[in-house]
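Beneath this line is the structure, given in structure tokens, with notes to follow.
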Amino acid sequence: MNDRDLYPESWEAISARIRFGRAGGRCEQCGIPHGTFGYRDQQGHFHSLVQVFAAMLQGINPFEGDLAGVEPGKPTQIFLQCAHKDGNKSNCTDENLISVCPKCHFDMDRPGQPPARSYGRRYRLHQYDLFHSPSDEAR
0 MNDRDLYPES WEAISARIRF GRAGGRCEQC GIPHGTFGYR DQQGHFHSLV QVFAAMLQGI
60 NPFEGDLAGV EPGKPTQIFL QCAHKDGNKS NCTDENLISV CPKCHFDMDR PGQPPARSYG
120 RRYRLHQYDL FHSPSDEAR
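Per numbering that gives the first Met the number 0, the very first residue in the sequence shown carries number 0; after that it's consecutive.
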């Protein structure tokens with residue numbers, strides 16, 4: 000069984016209704032709008048391209064201030080996600096669903112999923128685990 004099997008057939012419609020109907024196209028945790036382009040600083044705060052360009056027009060180089068250490072050529076785009084507050088993928092009641100940006104979703108999942116996340120980091124850094132696979136750690 001894969002994770003997709005836990006969702007109802009109408010998941011796409013449910014997700015869209017929560018993200019764009021109820022939440023108005025914004026993250027219900029931090030308020031960032033869907034589709035926004037920008038950068039995250041070292042503390043995880045999001046700076047939209049509008050904010051970055053406004054600072055530049057005022058003669059401020061944001062990549063020497065709040066965005067120090069961020070690569071200027073790679074803005075990210077926010078795509079809202081519909082998350083389950085209790086982590087139960089089959090519980091799709093409105094009270095259990097929330098519209099979140101990827102960072103807020105990651106922060107919500109963090110307590111329950113460090114093994115899978117850490118495996119991804121180790122894999123990217125070529126620090127393989129000889130005794131476990133990603134599927135073992137995600138269970």
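Cβ coordinates follow ideal geometry from the N, Cα and C atoms, glycine included. All figures in this text were calculated on a predicted structure; none of them were measured in a lab.
{"Check": "Could you tell me which residues DSSP pairs with S98 in its beta bridges?", "Outcome": "C81"}
{"Check": "How should T92 be labelled, buried or exposed, when 16 other C-beta atoms within 10 angstroms of its C-beta is the threshold for buried?", "Outcome": "exposed"}
{"Check": "Compute the Euclidean distance between the alpha carbons of R21 and V51, then round it to the nearest angstrom.", "Outcome": "29 Å"}
{"Check": "In terms of alpha-carbon separation, which member of E63, F78, M107 lies closest to N151?", "Outcome": "In the structure as shown, the chain begins at 0 and stops at 138. Residue 151 is therefore absent and cannot be evaluated."}
{"Check": "Do R18 and C81 have their CB atoms nearer than 8 Å?", "Outcome": "yes"}
{"Check": "When we look at the beta-carbon of V49 and count the other beta-carbons within 10 Å, is it buried (16 or more) or exposed?", "Outcome": "exposed"}
{"Check": "Do F62 and P71 have their C-beta atoms within less than 8 Å of each other?", "Outcome": "yes"}
{"Check": "Leaving out the 5 sequence neighbours to the left and right, which residues in its chain are closer than 6 Å to F36 when beta-carbon positions are compared?", "Outcome": "L48, P74, Q76"}
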